[in-house]
Every structure is written in C-alpha cells, then in structure tokens.
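Those letters in the sequence shown? Residues 99 to 333, per the numbering used here, in order. Note that the Cβ used here is the ideal one computed from N, Cα and C, for glycine as well. Structure record follows, encoded as structure tokens.
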Amino acid sequence: MGRLDGKVIVLSAAAQGIGRAAAIAFAKEGAQVTATDINGEKLKELDGIPGIKTKVVDVTKKEEVDALAKEHNHVDVLFNVAGFVHHGSILDCEEADWDFTMNLNIRSMYLMCKAFLPKMLAKKSGSIINMASVASSIKGVVNRCVYSTSKAAVIGLTKSIAADFIDQGIRCNCVCPGKFRTTCQETAYKDFMARVKIGRMCSAEEVAYLCVYLASDESAYVTGTEQIIDGGWRL
Ligand SMILES: NC(=O)c1ccc[n+]([C@@H]2O[C@H](COP(=O)([O-])OP(=O)(O)OC[C@H]3O[C@@H](n4cnc5c(N)ncnc54)[C@H](O)[C@@H]3O)[C@@H](O)[C@H]2O)c1
99 MGRLDGKVIV LSAAAQGIGR AAAIAFAKEG AQVTATDING EKLKELDGIP GIKTKVVDVT
159 KKEEVDALAK EHNHVDVLFN VAGFVHHGSI LDCEEADWDF TMNLNIRSMY LMCKAFLPKM
219 LAKKSGSIIN MASVASSIKG VVNRCVYSTS KAAVIGLTKS IAADFIDQGI RCNCVCPGKF
279 RTTCQETAYK DFMARVKIGR MCSAEEVAYL CVYLASDESA YVTGTEQIID GGWRL
C-alpha cells in the first residue's frame with residue numbers, strides 16, 4: 099500500500115530540483131503523476147518511471163495551463179513548484195526583473211489554481227501545495243527583494259484559497275524551504291552554511307517527503323499553513 103495510492107497529482111517545474119524529487123516520491127507512493135516543465139529535454143529523464151507521465155507546459159501561459167487542466171477529469175493534488183530567484187535589493191531590481199519574477203512566481207500559481215480548483219470542487223476534495231520560501235513574509239533575506247515579495251504573495255494566496263474553500267473539501271498549504279543544495283553556488287553555499295545551525299543543507303528529497311505528507315490524507319487536518327523546512331535557519 100502506498101501513501102498516495104489512487105491519487106492523481108499534477109505538478110509544475112518537475113524537470114529538476116524539488117519538482118523532480120517530488121514527482122518521483124509521489125509516484126513511489128502510488129500516485130498517478132503528471133509531471134510538467136517548460137524544459138522538455140530535461141523532463142524526458144522522467145519518462146519511463148512507473149506512474150509518471152510528462153508534458154511540456156509553460157505555467158505563465160494561460161492557454162497552456164487551461165489545456166493541461168482540460169486533459170484531466172479530476173485532480174486530487176496540485177503542486178505549484180515553478181519559481182525563479184532574482185538576486186539583488188530593490189535598487190538592483192529593474193521593472194523587467196520585477197515583472198518576470200512576479201509573473202512566474204505568483205501569477206502562474208493564480209492561473210494554475212484557477213484552472214484546477216473547479217475539478218477539485220466537483221469532487222469536494224483536493225489538496226493544493228504552493229512552493230513559497232522562508233525568504234518571504236517569514237524572514238528578511240538580503241538581496242532577495244522581488245523574490246521574497248513574490249513568495250510572501252504565495253503565502254497570501256495560499257491562506258486565501260484555504261479560507262475560501264475550507265468548507266468544500268479543499269486544503270491549501272505552502273512549503274517554505276530555507277536553502278537546499280541543487281542550485282547553490284559555492285560562495286552562496288559557504289555564506290549560508292555560516293548561518294545555518296543544523297550544520298548542513300537540506301536535500302530536495304527531504305522537501306519532497308514533506309510534500310508527500312501534504313498530498314496524502316495523513317494531513318487531512320492541515321490547511322492554510324506555511325510548512326517551514328529550513329534546518330533552523332530562522333533561529
Ligand atoms: N533551491 C532552493 O534553495 C529553494 C529554496 C526555497 C524555495 N525554493 C523554491 O522551490 C521551487 C523550485 O526550486 P528548485 O531550486 O528546486 O528549482 P530549479 O530552479 O532548479 O528549477 C526550476 C524549474 O522550473 C522550470 N521552469 C522555469 N520557468 C518555467 C515556466 N515558465 N513554466 C514551467 N516550468 C518552468 C525550469 O525549467 C526548472 O526545471 C521554486 O519555486 C523556488 O523558488 C527553492
């Protein structure tokens with residue numbers, strides 16, 4: 099028996115990092131996973147894993163998001179992962195950086211949630227997981243101005259959906275990692291390690307375990323939360 103047997107899960111940004119680790123973890127627990135990403139080449143690496151089907155989708159394009167939703171009769175879990183880190187303070191952030199980040203990190207979640215929620219409401223059941231970050235309304239982090247702004251908005255969107263649909267069987271939570279190793283440059287790694295008290299970085303797989311819990315019925319009483327997984331970075 100898998101913890102996600104029979105569940106249909108759609109997620110974005112599955113070609114690498116947390117999205118990839120989560121797609122594999124979901125499938126291992128018995129879910130039928132639609133793993134999407136804009137990067138078709140890298141996404142192909144998931145082809146052939148039992149329980150996973152892949153599809154190239156740009157989550158910033160409404161027509162592609164709507165087409166993806168149309169392909170699914172019902173969806174039990176939606177995991178919105180796609181996001182981009184712009185480095186810099188407000189003074190380093192040009193309007194194009196602001197627009198690009200807000201478009202990918204938060205507007206795409208609005209499009210995905212809006213497209214998939216009606217399918218969940220039809221069954222009066224569903225779990226939405228949104229990828230936020232500790233760098234958000236939770237913690238001020240240097241040189242993450244627009245990134246933190248967008249992730250704070252993810253937390254707001256999450257709580258709003260959780261409140262609006264709690265009596266219709268929908269749960270909505272967000273995951274707030276600190277830093278994990280996948281994309282980290284050596285200098286950023288040293289800088290982070292100087293501050294993280296647990297003595298190591300998180301792995302994408304450890305974030306994926308948390309997502310399995312949020313996707314499963316084990317978390318049936320959990321909604322509207324910010325699930326922090328930061329190795330005590332805030333301490
Ligand atoms: N890496 C970290 O330390 C960290 C920490 C906290 C939060 N996060 C968040 O976790 C999420 C995943 O981060 P990661 O580092 O695992 O991923 P990553 O940066 O390694 O990969 C991002 C993926 O998103 C895909 N993508 C980019 N634009 C897209 C679009 N328009 N449509 C669909 N897919 C698109 C890319 O092709 C890529 O596969 C992001 O939202 C990020 O902000 C990451």
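- For Ser-248, the enclosing alpha helix (DSSP H) has its first and last residue at 243–263.
- For Ile-326, no alpha helix (DSSP H) encloses it; the enclosing beta strand (DSSP E) starts and ends at 324–327.
- For the pair of segments examined, the region 188–196 was found not to touch the region 204–220: the number of CB pairs separated by less than 8 Å stays below three.
- Assigned with DSSP and collapsed to three states, Arg-118 falls in helix.
- Cβ atoms of Tyr-307 and Ala-123 come within 8 Å of each other, at about 7 Å.
- Each residue's CA atom was taken as its position, placing Trp-331 and Asp-315 some 29 Å apart.
- Assigned with DSSP and collapsed to three states, Arg-332 falls in coil, not helix or strand.
- For Lys-153, the uninterrupted beta strand (DSSP E) run begins and ends at 150–154, by DSSP.
- Contact between Phe-278 and Met-291 fails: their C-beta atoms lie close to 12 Å from each other, not under 8 Å.
- Proximity to Glu-304 across Ile-116, Ala-111, Asn-228 peaks at Ile-116, based on C-alpha coordinates.
- Here Leu-189 is exposed. Its C-beta has fewer than 16 other C-beta atoms within 10 Å.
- Check the Cα spacing between Val-239 and each of Arg-101, Lys-153, His-185, Gly-100: the tightest is with His-185.
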